[in-house]
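According to the numbering used here, the sequence shown holds residues 86 to 144 in order. Everything below concerns the one structure shown next.
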Amino acid sequence: GAAVPSGQITMASRRFGAAVTRDKLAVAVTNQRAAVGRCLQRLRGDGGKITRRADSGTH
Numbered sequence: 086g087a088a089v090p091s092g093q094i095t096m097a098s099r100r101f102g103a104a105v106t107r108d109k110l111a112v113a114v115t116n117q118r119a120a121v122g123r124c125l126q127r128l129r130g131d132g133g134k135i136t137r138r139a140d141s142g143t144h
């Protein structure tokens, strides 16, 4: 096989590593967004219950 300069190998591995970390970051961000969305939905649901209770109390 043709001898590949070590510099090229490190460049390629660095590029690959960057791509992997970018993917990991993207996954982490989407997971975080999903978790935040779930929390917001829960808060909204609780808030809706509270306001409904308050309305029924006034009538």
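Here a beta-carbon is modelled for each residue, glycine too, at the ideal position from N, C-alpha and C.
Can you give the Cα-Cα distance for Ser-91 and Gly-122, rounded to whole angstroms?
The residue given as residue 91 occupies position 6 in the sequence shown. The residue given as residue 122 occupies position 37 in the sequence shown. Straight-line Cα distance between these residues: approximately 46 Å.
State the Cα-Cα distance for the pair Asp-184 and Val-89, rounded to the nearest angstrom.
With the chain covering only 86 through 144, there is no way to say anything about residue 184.
Which of helix, strand or coil does DSSP assign to Asp-88?
On the sequence shown, residue 88 is found 3 positions in, with the first residue counted as 1. A quick correction: the sequence has Ala, not Asp, at residue 88. Three-state result, Ala-88: coil.
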